[in-house]
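The block underneath contains the structure these notes are about, expressed in structure tokens.
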């Protein structure tokens with residue numbers, strides 16, 4: 004399996020869960036703390052933490068410490084780059 008296939012599979016696994024997708028939608032509106040995300044999506048904070056860990060592992064989310072809080076945001080550059088690579092790869096195979 005090519006590196007691109009592995010990255011796409013990882014991305015698919017990350018957004019393939021409805022709750023993770025809802026978390027990504029929330030983060031698309033701007034950086035948020037775990038507590039803010041939990042409140043927006045209606046999930047317990049520990050569950051959101053686990054989902055954010057999975058999204059971060061798939062490079063779909065980044066975190067940044069701001070004082071005592073950690074803010075999570077969507078890794079838009081990574082996702083856009085990956086999708087461009089996929090489009091280029093698919094267009095070569097026509």
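Numbering (my numbering), first residue to last: 4 to 97. Ideal placement from N, C-alpha and C gives every residue a C-beta, glycine not left out.
Exercise. Rank 91, 45, 32 by C-alpha distance to the C-alpha of residue 21 and give the top, closest one.
Key: 45
Quiz item: By DSSP, does residue 5 sit in helix, in strand, or in coil?
Solution: coil
Quiz item: Measuring CA to CA, which of 93, 90, 82, 73 is closest to residue 52?
Solution: 73
Practice problem: Classify residue 46 as helix, strand or coil using the three-state DSSP reduction. | Solution: coil
Practice problem: Determine the DSSP secondary structure at residue 30, reduced to helix, strand or coil. | Solution: helix
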